[in-house]
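Number of protein chains: 2
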Amino acid sequence: MKKKITIKLKQNDYKMTEQRETVLEVMLKNRGKHLSAEEVLEKARKKSPGIGIATVYRTLEKLTEMEVLYKTVFEGGKFRYELYDDAGSKQQHHHHHIICLKCGKITEVQEDLLSGLEQKIESQGFKIIDHDLKFFGYCPNCK
Amino acid sequence: MKKKITIKLKQNDYKMTEQRETVLEVMLKNRGKHLSAEEVLEKARKKSPGIGIATVYRTLEKLTEMEVLYKTVFEGGKFRYELYDDAGSKQQHHHHHIICLKCGKITEVQEDLLSGLEQKIESQGFKIIDHDLKFFGYCPNCK
DNA sequence: AGACATTTGATAATGATTATCATTATAGAT
DNA sequence: ATCTATAATGATAATCATTATCAAATGTCT
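Quick mapping for you: the protein sequence lines, in order, are chains W and Y. So the first sequence is numbered by this note's numbering: it starts at 98 and just counts up by one. So the second sequence is numbered by this note's numbering: it starts at 98 and just counts up by one.
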């Protein structure tokens, strides 16, 4: 995985640095979580104490471009990043989220029943590339 | 509509002021659009030249609380507000959006095929209150 | 009209993200 | 292994949207 990405970087004239490796490791270790830049910084500093927030932002942005990470917003006014389920190989779709309105817990939904709806929309002349679906409600603990 | 909201405001010890009325009118006139606070300010100043951005934010927030407006984020780092399809009467669901990756045009999708998926999720112990679904792709013009 | 609480506008403060720039590190050639 | 060109880094300033503050103005009720 790390190798794959190093190669991808090289193909684009990017260099694999200690900081980028650290950020990537943080994301790999936190598969399934949705980290903010600040949270990534905190975790990254355990391995690379000198790393700055600007580098974290730049690296997250780069990894998003490369379709290794998925960038989304839960609260508003703040981005969160997560590893694609099948990071490394390009993919269009990914899981959805249920956000608990009480405790804020985020649960994944693997189910994907949207292809039918997408087909309907495409029959009206659109070309759908991706979708983003979030559910709001209460998780079993808070219900 | 305006009357309904005036009454709702009174019930909560809020006052109907010139500025609130102006913001409400702007939103009513722009049914189907997704305005940022800055855009609302601009339009509102045509009728109430002295209105300030803080008041616009406060009013949009209040109307969102009252479930007259729906607050969402398209680009990230910026909220947008739109009138509920059936503003005034509480409702859980509303249309979805298709965002063109080229020209940025936002189109509405009325179709709602998510109830099946919601039922599946609820059968796992969740209680779903609302959902937010966005499609990304190309509109007929840009395809 | 008068009293009182709410609202307003101007502006400062905040928080997240992006830009700037001098210094440092990397990849590839020698 | 060293050199060189170029990209990357860290510190910090700048930006942008949003929120907080507070004195002055306004709306509601009597």
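Using N, Cα and C, we set each Cβ at its ideal position, and we do this for glycine too.
Item checked: Residue of Leu230/W, Gly213/W and Gln116/W minimising C-alpha distance to valine 153/W -> Gln116/W
Checklist line | 8 Å Cβ cutoff, leucine 230/Y in contact with chain W | finding: yes
Note to self: Does the CB of aspartate 227/Y have a neighbour CB from chain W at under 8 Å?
What the structure shows: yes
Next item on the list: Establish whether the CB of proline 237/W and some CB of chain Y are separated by less than 8 Å.
Entry: yes
Next item on the list: For lysine 202/W, return the contacting residues in chain Y, with the cut-off set at a CB-CB distance below 7 Å.
Entry: Residues of chain Y passing the Cβ test: none, with the nearest at roughly 10 Å.
Next item on the list: Say whether the stretch 98-112 of chain Y touches the stretch 219-231 of chain W, bearing in mind that this needs 3 or more beta-carbon pairs closer than 8 Å, one atom from each stretch.
Entry: no
Next item on the list: Drop a sphere of 10 angstroms on the beta-carbon of threonine 119/Y, count the other beta-carbons inside from all chains shown, and report buried for 16 or more, exposed for fewer.
Entry: buried
Notebook entry, point to check: Listing by chain order, which chain W residues have their CB less than 9 Å from the CB of isoleucine 150/Y?
Noted result: Here the premise fails: no neighbours, minimum Cβ distance about 16 Å.
Notebook entry, point to check: Which partner residues of valine 206/W appear in the DSSP bridge assignment?
Noted result: His193/W
Checklist line | Identity of the residues DSSP links to leucine 132/Y by a beta bridge | finding: Tyr178/Y
Next item on the list: Just tell me which of Ser212/Y, Glu215/Y, Phe223/Y and Cys236/Y has its CA closest to the CA of glutamine 221/W.
Entry: Cys236/Y
Check: Name the chain W residues whose beta carbon is nearer than 8 Å to that of valine 71/Y?
Finding: No statement about residue 71/Y is possible, as the shown extent of chain Y runs from 98 to 240 and does not include it.
Item checked: For isoleucine 196/Y and asparagine 127/Y, the rounded distance between their alpha carbons -> 18 Å
Check: Is the beta carbon of threonine 156/Y within less than 7 Å of some heavy atom of the ligand MN?
Finding: Looking for the ligand MN in the displayed structure turns up nothing, as the structure carries no ligands at all.
Note to self: Spatial neighbours of isoleucine 225/Y within its chain, please: C-beta separation below 8 Å, excluding the five flanking residues on both sides.
What the structure shows: Taken in chain order, the residues that qualify are Glu215, Ile218 and Glu219.
Next item on the list: Within 10 angstroms of the Cβ of glutamate 179/W, are there 16 or more other Cβ atoms? Answer buried if so, exposed if not.
Entry: buried
Checklist line | Test: valine 137/Y CB closer than 8 Å to a CB of chain W | finding: no
Notebook entry, point to check: What residues are listed by DSSP as bridge partners for tyrosine 167/W?
Noted result: Glu179/W
Margin query: I need the DSSP call for isoleucine 148/W, collapsed to helix, strand or coil.
Written below: coil
Check: Can you find a CB in chain Y that lies within less than 8 Å of the CB of lysine 187/W?
Finding: In this prediction, lysine 187/W has a pLDDT of 47, which is less than 50 and means its spatial position is unreliable; nothing more can be read from the coordinates.
Next item on the list: Mind checking who isoleucine 225/W pairs with in its DSSP beta bridge?
Entry: Gly234/Y
Next item on the list: For histidine 193/W, I'd like the list of residues in its chain whose CB is within less than 6 Å of its CB, leaving aside the five on either flank, ordered along the chain.
Entry: Val206 and Leu230
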